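Residue numbers (the working numbering): 2 to 496.
Cβ coordinates follow ideal geometry from the N, Cα and C atoms, glycine included.
Since we're looking at a predicted model, the values are computed, not measured.
This report concerns only the one structure given below.
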């Protein structure tokens, strides 16, 4: 079945003309329609998808195929697109259609990828469960009564359910890694500045980073090859030479590594702070078992310290809302999107438009952000948070001086029940304790499937590397997947 293939396998099928891009697109559009109850997509436009597939078939016939020609992908609805409406999961942008494609979208299209739709998400990427979308909650394919994680929950659910072979996501505080963990797929958050933010609707500009989500590390590497690169339209884009993120996948970690121990020489840092109070025992056991598997593959474990891990939560929830309150000021009902119908003057129009257009979580974060930036509180909160941010980043540098990668859990628990934490935002925020610090430091990290709990819900292993070390991270993840089967397991509806 086409939806059980990886991106690498589908490339071979398309190049060998065993299937056409149009047939592939039709197959996935049919699956999206069949599994609408997951609510993984906000916008699907079969005519736009099939037009892209026809162009892919033409490229394949003419020998002009790109690296991803004909591959069916979903784009998180935070990336603007010309062919599909872009809402960011919000009423305030309902029916908005961009005149241009986001840089990441354009780069994937240039590589030949076919978009099957725009994936559901927490409104403006604010959430850890994908329950904050104006278009309703996304359901986890492993158990529809549980959340898929957020804010890239629609992208994660679509990949896990076999509604596409890969998807774009964004990670501001864990929003690629956590939903990847909850749905049993692979996702990587690149180094800040590695993937252009041009055309990616901003939540917190100094934290947001786009990245790929797919079944395997190899597939993520193929997608990142297309997505990454310098963009002069993005002032935060890093100007670096292009690289092939698949180049290390088939290699051993060191010259003295062997076939049975391909990762000999790899030093894994395990921070005690990731294994303290609050970590579910099944998650702890699965991640430690995964690290033991790495030891069998030749790696060694060293103890490292990340002493300011707990401080990442208050630091993040000062900085991110502060930036959000500024970024979201542009949604005022004047230029695009929703506008209140009845108002008395311009100020009244602003007030009613934003009250009607933004959900409660977005309003909460705007208010918090405006507060910490206000006169008298800026020094006490915002500047202090920025100081802590530098200290958190230094903690990582101290740890990575002792090891090649850091490993631990992605989240304290597996996916929780829909509605379980909706009335307690603080509990929701605490679920990001192991992921937030990475965004504050700007480092790359990924989630790799490493087990299941007693209820059959997936568990992810978080792998963290140094700046611009994505190829090494993918190599380490790929080696694990070559010797384990967790990434091959799929929910019943994807089989």
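Selection 320, 346, 400 evaluated against residue 308 yields 400 as nearest (Cα-Cα). Secondary structure in the stretch 433-465: the alpha helix (DSSP H) runs of 4 residues or longer, each lying completely within the stretch, are 437-442 in chain order. Within the same chain, 197, 199, 200, 232 come within 6 Å of residue 104 by CB-CB distance, once the 5 residues on both sides are set aside.
In this structure, the straight-line span from the alpha carbon of residue 452 to that of residue 285 is close to 11 Å. When the five nearest sequence neighbours on each side are left out, no beta carbon in the same chain lies closer than 7 Å to the beta carbon of residue 347. With 16 or more other Cβ atoms from the protein chains shown falling within 10 Å of its own Cβ, residue 179 counts as buried.
Between residue 408 and the set 267, 492, 333, the nearest pair of CA atoms involves 267. For residue 11, the enclosing alpha helix (DSSP H) covers residues 8-16. The stretch 281-296 makes contact with the stretch 409-418: 3 or more CB pairs, one atom from each, lie closer than 8 Å.
Scanning the stretch 155-196 for uninterrupted alpha helix (DSSP H) segments of 4 residues or longer gives 178-184, listed from N- to C-terminal end.
Non-local C-beta neighbours of residue 480 in its own chain, meaning closer than 7 Å and more than five positions away in sequence, comprise 263, 264, 298, ordered along the chain. Per DSSP, residue 44 is not a residue of any alpha helix (DSSP H); the beta strand (DSSP E) it occupies stretches across 42-44. Comparing C-alpha distances from residue 390 to each of 419, 441, 131 shows the shortest one belongs to 441.
Taking every protein chain shown into account, the CB of residue 361 has fewer than 16 other CB atoms within 10 angstroms, so this residue is exposed. For residue 335, there is no enclosing alpha helix (DSSP H), as DSSP marks it with neither H nor E. Taking the C-beta atoms as reference points, residue 141 is found no nearer than 8 Å to residue 169. Contact annotation, residue 245 with residue 226: C-beta distance approximately 6 Å; criterion of less than 8 Å satisfied. Nearest in C-alpha terms to residue 394, of all of 316, 332, 359, 364, is 316. Here residue 215 is not near residue 41, since their CB atoms are 8 Å or more apart. Under the rule that a run must span 3 or more residues, the beta strand (DSSP E) segments found entirely inside the stretch 54-92 read 73-77. Under the DSSP definition of a beta bridge, residue 116 partners with 74. Residue pairing by DSSP puts residue 410 in a beta bridge opposite 462.
Burial state of residue 379 is exposed, judged by a 10 Å Cβ sphere holding fewer than 16 other Cβ atoms. Just so you know, the alpha carbons of residue 172 and residue 17 end up roughly 35 Å apart.
In the structure shown, residue 393 falls within a helical segment according to DSSP collapsed to helix, strand and coil. Taking the Cα positions, residue 461 is about 15 Å away from residue 293. A direct Cα-to-Cα measurement between residue 229 and residue 345 gives close to 47 Å.
The criterion of a C-beta distance shorter than 8 Å is not satisfied by residue 145 and residue 115.
For the set 153, 57, 133, the Cα lying nearest the Cα of residue 364 is the one of 133.
Residue 153 and residue 176 have their alpha carbons spaced roughly 6 Å apart.
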